[in-house]
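Numbering (the numbering used here), first residue to last: -9 to 249. Even for Gly, the Cβ is constructed at its ideal location relative to N, Cα and C. In what follows, a structure is listed as structure tokens, so that the remarks can point back to it.
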């Protein structure tokens, strides 16, 4: 088999925007897509996004950092216009920004509900709409949004109904728009990560032995995922190697959602 047989996995010459890219799974996605040859625009609401972009550039990746609040639809539209003009085209969007609030449903506050919906669902829609419509005009592009095992299955023992519903919305948004934009050669998919070892998880479940036991008992492999495993799925989905895949939620969860 020749080296050219794997060329459709390459992202050389493409530009990707990754939201929520300053840390966690976003950092792993940046590394993966950058290592495949893409120029990466790290978009995040935190000030350190510029420093994060510089750190990756110092390691040899082609990166740019932009501060972006995905809940501000006008700011997202302006960013999409500006970045498409600057780079000629944004070929890839990874809508990764998200938050979670732990609460039983009877005590789930209005503010927490609205905040998680604004970031996790509205933010994905705003980014998908603004960056995606330009892909539709060019008739090429790939979009991946981050859903969750909690978007397809009632998880335990943690309680965060707002997060769960927002991630279910992300999954179905990608199904619907993936079919809508298929005639324009714009693919839209979601990835459903399982329990992944990130800083957020370390502060919550991993700090509680009883919670960790439940998680590991329910995961067929009996281990947490690494961010690099999620990033590998995304790297495939945004490449030409996945040209036949759209409107899908690809579970990357060690079998949790089907066990």
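What residues are listed by DSSP as bridge partners for residue i?
i, result
"residue 179", "134"
"residue 55", "32"
"residue 93", "150"
"residue 240", "181"
"residue 8", "32 and 84"
"residue 118", "Note: residue 118 sits in no beta bridge, so no partner."
"residue 215", "186"
Three-state secondary structure (DSSP) at residue i?
i, result
"residue 70", "helix"
"residue 169", "helix"
"residue -9", "Note that residue -9 has pLDDT 44, beneath the 50 cutoff, so the model's placement of it is unreliable and the number below is only indicative. It is coil, neither helix nor strand."
"residue 65", "helix"
"residue 210", "coil"
"residue 247", "helix"
"residue 278", "Any answer about residue 278 is impossible in this case: the structure gives the chain only from -9 up to 249."
"residue 143", "coil"
"residue 229", "coil"
"residue 156", "helix"
"residue 79", "coil"
"residue 2", "coil"
"residue 126", "helix"
"residue 60", "coil"
Report the rounded CA-to-CA distance for residue i versus residue j, giving the unit in angstroms.
i, j, result
"residue 133", "residue 178", "5 Å"
"residue 180", "residue 174", "18 Å"
"residue -3", "residue 101", "47 Å"
"residue 246", "residue 13", "25 Å"
"residue 29", "residue 120", "19 Å"
"residue 215", "residue 16", "14 Å"
"residue 131", "residue 171", "10 Å"
"residue 139", "residue 6", "25 Å"
"residue 95", "residue 103", "10 Å"
"residue 85", "residue 207", "30 Å"
"residue 78", "residue 145", "42 Å"
"residue 129", "residue 234", "15 Å"
"residue 238", "residue 220", "15 Å"
"residue 89", "residue 106", "6 Å"
"residue 241", "residue 204", "20 Å"
"residue 41", "residue 201", "34 Å"
"residue -9", "residue 118", "Bear in mind that a pLDDT of 44 at residue -9, under 50, signals an unreliable position, so the model cannot answer this."
"residue 186", "residue 93", "20 Å"
"residue 81", "residue 2", "11 Å"
"residue 68", "residue 35", "15 Å"
"residue 87", "residue 39", "13 Å"
"residue 248", "residue 143", "9 Å"
"residue 229", "residue 52", "18 Å"
"residue 27", "residue -1", "10 Å"
"residue 136", "residue 243", "13 Å"
"residue 19", "residue 99", "32 Å"
For residue i, report the span of its beta strand (DSSP E) as first-last.
i, result
"residue 82", "82 to 85"
At which residues does the alpha helix (DSSP H) containing residue i begin and terminate?
i, result
"residue 191", "189 to 193"
"residue 20", "15 to 25"
"residue 44", "39 to 48"
"residue 106", "100 to 107"
Does residue i get closer than 7 Å to chain B when you measure Cβ to Cβ?
i, result
"residue 71", "Of the protein chains in the structure, only one exists, and it is not chain B."
- Query: At a cut of 8 Å, does the region 150 to 169 reach the region 198 to 217 through at least three beta carbon pairs?
  - Reply: In short, these stretches do not touch, since the Cβ pair count stays below three.
- Query: On the three-pair Cβ rule with 8 Å, is the region 19 to 34 touching the region 224 to 241?
  - Reply: By the Cβ rule, the region 19 to 34 counts as touching the region 224 to 241, because three or more pairs are nearer than 8 Å.
- Quick one: any contact between the region 106 to 126 and the region 70 to 78, if contact means 3 or more CB pairs under 8 Å? Here the region 106 to 126 lies against the region 70 to 78, with 3 or more beta-carbon pairs under 8 Å apart.
- Inter-stretch contact (C-beta, 8 Å, three-pair minimum) for the region 151 to 163 and the region 191 to 200: Three or more Cβ pairs closer than 8 Å define a contact, and the region 151 to 163 falls short of that threshold against the region 191 to 200.
- Are the region 98 to 115 and the region 46 to 61 touching, with three or more C-beta to C-beta distances below 8 Å? In the pairwise beta carbon analysis, the region 98 to 115 is classified as touching the region 46 to 61: at least three pairs are separated by under 8 Å.
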